[in-house]
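Scroll down for the structure; my scribbles are underneath it.
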Amino acid sequence: LASSAKAIIILEQCGKNKGYEEMDACGFHPEGGCCMLDGPEKIESTINMKTIWKNISVEGIDMIFSRDAGRYICDYTYYTSLYYGSGRAAFIHVPPLSKSVTADLLGKALQTIILEMLKQCGEQGE
1079 LASSAKAIII LEQCGKNKGY EEMDACGFHP EGGCCMLDGP EKIESTINMK
1129 TIWKNISVEG IDMIFSRDAG RYICDYTYYT SLYYGSGRAA FIHVPPLSKS
1179 VTADLLGKAL QTIILEMLKQ CGEQGE
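Per the numbering used here, the very first residue in the sequence shown carries number 1079; after that it's consecutive.
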């Protein structure tokens, strides 16, 4: 990221079951290009990521709401987590650390996001 650019965090709402046509770095390719052969086409998180996206802001970080984590490791991992967790999972794309994206800044942003998630779940965290 350029020094004037903001970091971008992407809040994912759902995972998709089909469309995994490429092998990962270890040569794994899911059978039938699916996460779960008999699984639903899409699974939504029980956490409303759009509400989180609308309700919070962190200086120095841009947040984006997304409904497509891609058809590679991220979406595969998210769908599988949603499947086995009955929708109780979240996936957040974070930028790499850099001069403009420090561990402190990223930590503050993630803490803010997680606290908002806990509020949705009815668990007030401190």
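All C-beta atoms, glycine included, are put in the ideal place defined by N, C-alpha and C.
Residue i, enclosing alpha helix (DSSP H) - first and last residue
i: Gly1185; result: 1181–1198
i: Asp1146; result: Note, Asp1146: premise wrong, no alpha helix (DSSP H); not H, not E.
i: Tyr1162; result: 1151–1162
Closest residue to residue i among the options (Cα-Cα distance)
i: Asn1095; options: Phe1143, Tyr1161, Lys1084, Met1127; result: Tyr1161
i: Lys1120; options: Gln1091, Asp1102, Phe1143, Gln1189; result: Gln1091
i: Ile1139; options: Leu1196, Met1195, Leu1188, Gly1200; result: Leu1188
i: Leu1089; options: Val1179, His1171, Ala1103, Gly1200; result: His1171
i: Arg1145; options: Phe1169, Ile1151, Ile1134; result: Phe1169
i: Ile1191; options: Gly1105, Lys1177, Ala1103, Asn1133; result: Asn1133
i: Cys1199; options: Ser1178, Asn1126, Thr1155, Thr1180; result: Asn1126
i: Lys1084; options: Glu1194, Gly1185, Val1179, Met1195; result: Val1179
i: Ser1159; options: Ser1123, Thr1129, Glu1194; result: Ser1123
Enclosing beta strand (DSSP E) for residue i [first to last residue]
i: Ile1125; result: Looking at the DSSP string, Ile1125 is not in any beta strand (DSSP E), and its letter there is neither H nor E.
i: Cys1046; result: With the chain covering 1079 to 1204 only, the question about residue 1046 has no answer from this structure.
i: Phe1106; result: Note, Phe1106: premise wrong, no beta strand (DSSP E); not H, not E.
For residue i, three-class secondary structure by DSSP
i: Lys1132; result: helix
Whole-number beta carbon distance between residue j and residue i, since they are thought to touch under 8 Å
i: Tyr1156; j: Ala1167; result: 7 Å
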